[in-house]
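Counting from 1 along the sequence shown, just add 1365 to a position and that's the residue number in this note's numbering.
Idealized CB from N, CA, C, for every residue including glycine.
Remember, predicted model here, so these are calculated numbers, not experimental data.
Encoded as structure tokens, the structure appears first; notes follow it.
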Amino acid sequence: MMNRIYLRLIGATFLWATVFHVGKFALAEFSPLAIATWRYSIAAIILLAMTLPAIRSNWQQIKSHWPILFILALLGVVGFALFIFYGLRLTSPVNASLIMAFNPALIIVLSSLFNREPVSRQQISGLLLGLCGVLIVVSHASLNALINLSFSKGDLLVGVASLCWAAYCVLPKRYASSIPSAQLSAVTIITAAILMLVMAGFSASDMPQLPRTGMLFVLLFLGLFGTVIPYLWWNQGVQKIGPAKAGVFMNLVPIFASLIGVVLGQQLQASQLAGASLVIIGVLITSIKFNKAGNKVMNKNDQHKLAAFK
1366 MMNRIYLRLI GATFLWATVF HVGKFALAEF SPLAIATWRY SIAAIILLAM TLPAIRSNWQ
1426 QIKSHWPILF ILALLGVVGF ALFIFYGLRL TSPVNASLIM AFNPALIIVL SSLFNREPVS
1486 RQQISGLLLG LCGVLIVVSH ASLNALINLS FSKGDLLVGV ASLCWAAYCV LPKRYASSIP
1546 SAQLSAVTII TAAILMLVMA GFSASDMPQL PRTGMLFVLL FLGLFGTVIP YLWWNQGVQK
1606 IGPAKAGVFM NLVPIFASLI GVVLGQQLQA SQLAGASLVI IGVLITSIKF NKAGNKVMNK
1666 NDQHKLAAFK
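Spelled out as structure tokens, the structure:
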């Protein structure tokens, strides 16, 4: 049975998938920079209230890691959010999904380079299955759709966003492993919110505009359920099982986004079911440990976790 860490990684990807749909309402009223600024400012306030005592008690350690924490905020929060939002304005959702589907591969490559993590055949198999599943979903199982794809400036921006997120997942293990995941999430998001507020003050003319009541609930959702909870769960998962294994779960984002679309009235297609099945199988292959005989193995620590989970 899947333990709590895997369930939280799945939960994080599901919540990030909701952002694509909820964000549509916000884009009708605010610019991408204003949305990102509201989203992460709200998240920063929530995280500061949750983690302030812990940050105070661990301030010297956080201060000693400040350069890498600033880089993580700049790449994994500011860079990722802005590149993905502005990229989506210049490219199609199909192209963006295809490019983001390579994120787990980028995480594995960077983990090998920075953290010297070996890449197993099991990881490669799970990664390839997940990638095939995502390709089937976004192309609707049409080879012609894949062949006729053209790439633009927006595709480059989404690619940079994917690289920023991969770096955010990989760098903490080597340079900030002693910082608890909750404090890592809080400090990077608070720092990013300050940076975005400064940027918005200069270039987002709609930022001073107060949101109407309905839009306020949208922004609160993006701040709490689209940022705080998934970032906490994701960083905890990365610290527990490593960025390479956790990265494969990112393939679930377009799958969940498609399923949410079905709930909202879009028609479920056979290609979506087939692609989702491959992604899930890929995640399972990557997550489950097997011995040489091909049997699932479980160490004592996993047994204790499983007992607690039950």
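Does the beta-carbon of G1630 have 16 or more other beta-carbons within 10 angstroms, so that it is buried, or is it exposed?
By one-based count along the sequence shown, residue 1630 stands at place 265. By the neighbour-count rule (16 or more Cβ atoms within 10 Å), G1630 is not buried but exposed.
Using the beta-carbon count (16 or more within 10 Å), is V1535 buried or exposed?
Indexing the sequence shown from 1 puts residue 1535 at position 170. Its Cβ being crowded by 16 or more others within 10 Å, V1535 is buried.
What three-state label does DSSP hand S1504 in the structure shown?
Counting from 1 along the sequence shown, the entry for residue 1504 is found at position 139. In this structure, S1504 counts as helix in the three-state DSSP scheme.
Report yes if the C-beta distance between I1620 and V1644 is below 8 Å; otherwise report no.
Against the sequence shown, residue 1620 aligns to sequence position 255. Against the sequence shown, residue 1644 aligns to sequence position 279. The answer is yes: Cβ separation under 8 Å.
Closest to W1381 by C-alpha separation, out of N1480, V1648 and N1616, would be which residue?
Stepping through the sequence shown from its first residue, residue 1381 is reached at position 16. Of the listed residues, the one whose Cα sits closest to W1381 is N1616.
Considering only residues of the segment 1540-1603, which uninterrupted alpha helix (DSSP H) runs meet the minimum length of 4 residues and lie entirely inside it, listed in chain order?
Listed in chain order, they are 1546-1568 and 1578-1588.
Measure the alpha-carbon distance for L1455 versus A1526 and round it to whole angstroms.
Sequence index remark: in the sequence shown, residue 1455 carries index 90 (1-based). Sequence index remark: in the sequence shown, residue 1526 carries index 161 (1-based). One C-alpha to the other measures close to 14 Å.
Does the pairing of the segment 1410-1429 with the segment 1490-1505 give three or more beta-carbon distances under 8 Å?
Too few Cβ pairs lie closer than 8 Å, so no.
Please report the straight-line C-alpha distance between W1530 and D1520, rounded to a whole angstrom.
The residue labelled residue 1530 in the question sits at position 165 within the sequence shown. The residue labelled residue 1520 in the question sits at position 155 within the sequence shown. When rounded, the distance between both Cα atoms is 15 Å.
Assign H1386 to one of three DSSP states: helix, strand, or coil.
Counting from 1 along the sequence shown, the entry for residue 1386 is found at position 21. Looking at H1386 - three-state DSSP - the assignment turns out to be helix.
Which stretch, first to last residue, makes up the alpha helix (DSSP H) that contains S1476?
What you label residue 1476 is simply residue 111 of the sequence shown in a count that begins at 1. Per DSSP, S1476 belongs to the alpha helix (DSSP H) from N1468 to F1479.
Among L1478, R1481 and P1469, whose alpha-carbon lies nearest the alpha-carbon of Q1488?
Residue mapping note: residue 1488 aligns to position 123 of the sequence shown, counting from 1. Selected option, being the one with the closest Cα: P1469.
Just the Cα atoms here: how many angstroms apart are L1575 and V1618?
Residue mapping note: residue 1575 aligns to position 210 of the sequence shown, counting from 1. Residue mapping note: residue 1618 aligns to position 253 of the sequence shown, counting from 1. The straight-line gap from Cα to Cα measures roughly 31 Å.
Counting pairs of Cβ atoms below 8 Å between the segment 1547-1554 and the segment 1579-1598, do you hit three or more?
Yes, they touch.
Could you check if P1418 is buried or exposed, using at least 16 other CB atoms within 10 Å of its CB as the buried criterion?
As a first step, residue 1418 is located in the sequence shown; it is residue number 53 there, counting from the start. By the 10 Å Cβ count, P1418 comes out exposed.
Does the Cβ-Cβ distance between V1443 and M1561 come in under 8 Å?
Mapped onto the sequence shown, residue 1443 falls at position 78. Mapped onto the sequence shown, residue 1561 falls at position 196. In this structure, M1561 lies closer than 8 Å to V1443 by Cβ.
Starting from T1416, trace the alpha helix (DSSP H) both ways and give me its first and last residue.
Within the sequence shown, residue 1416 is the residue found at index 51, counting from 1. P1397 to S1422 is the extent of the alpha helix (DSSP H) around T1416.
Leaving out the 5 sequence neighbours to the left and right, which residues in its chain are closer than 7 Å to A1329 when beta-carbon positions are compared?
For the chain, the structure presents residues 1366 to 1675; residue 1329 sits outside this window and is missing.
Would you report the Cα separation of W1613 and G1566, rounded to the nearest angstrom?
On the sequence shown, residue 1613 is found 248 positions in, with the first residue counted as 1. On the sequence shown, residue 1566 is found 201 positions in, with the first residue counted as 1. In the sequence under discussion, the amino acid at residue 1613 is Val, which differs from the Trp named in the question. The straight-line gap from Cα to Cα measures roughly 37 Å.
Is T1456 helix, strand or coil when you go by DSSP?
The count along the sequence shown starts at 1 and reaches residue 1456 at position 91. If DSSP states are grouped into helix, strand and coil, T1456 belongs with coil.
Please name the residue in A1609, S1546, Q1634 and L1392 whose C-alpha comes closest to that of S1476.
Working through the sequence shown from its first residue, we reach residue 1476 at position 111. Per the Cα distances, A1609.
Restricting to Cα atoms, I'd like to know which of L1585, G1588, I1646 and I1544 is closest to R1421.
By 1-based counting over the sequence shown, the position of residue 1421 is 56. When only C-alpha atoms are compared, the closest one is I1544.
Cβ of A1401 within 8 Å of Cβ of G1588?
As a working mapping, residue 1401 is identified with position 36 in the sequence shown. As a working mapping, residue 1588 is identified with position 223 in the sequence shown. Contact flag unset, no.
Look at the alpha carbon of H1669 and the alpha carbon of F1586, and state the distance between them as a whole number of angstroms.
As a first step, residue 1669 is located in the sequence shown; it is residue number 304 there, counting from the start. As a first step, residue 1586 is located in the sequence shown; it is residue number 221 there, counting from the start. Residue placement at H1669 cannot be trusted, given a pLDDT of 46 that sits under 50; what the coordinates show is reported in the next sentence. Each residue's alpha carbon lies about 35 Å from the other.
W1424: buried (16+ other C-beta within 10 angstroms of its C-beta) or exposed?
Within the sequence shown, numbered from 1, the residue matching residue 1424 stands at position 59. Its Cβ having fewer than 16 others within 10 Å, W1424 is exposed.
Could you check whether Q1601 and R1373 sit closer than 8 Å to each other, using their CB atoms as the reference points?
The residue labelled residue 1373 in the question sits at position 8 within the sequence shown. The residue labelled residue 1601 in the question sits at position 236 within the sequence shown. Yes, the pair counts as a contact, with Cβ atoms nearer than the cut-off.
To the nearest angstrom, how far is it from the Cα of L1500 to the Cα of L1508?
Here residue 1500 is taken as the residue at index 135 of the sequence shown, counted from 1. Here residue 1508 is taken as the residue at index 143 of the sequence shown, counted from 1. Distance between the alpha carbons of L1500 and L1508 is about 10 Å.
Skipping 5 residues on each side, what residues in its chain have a beta carbon closer than 7 Å to that of L1584?
For the purposes of this step, residue 1584 is taken as the residue at position 219 of the sequence shown. Same-chain partners within the cutoff: A1391, W1403, R1404, I1407 and P1576.
Going by the beta-carbon positions, is the gap between G1441 and A1377 smaller than 8 Å?
Here residue 1441 refers to the residue found at position 76 of the sequence shown. Here residue 1377 refers to the residue found at position 12 of the sequence shown. It is not a contact, given that the beta carbons lie outside the stated cut-off.
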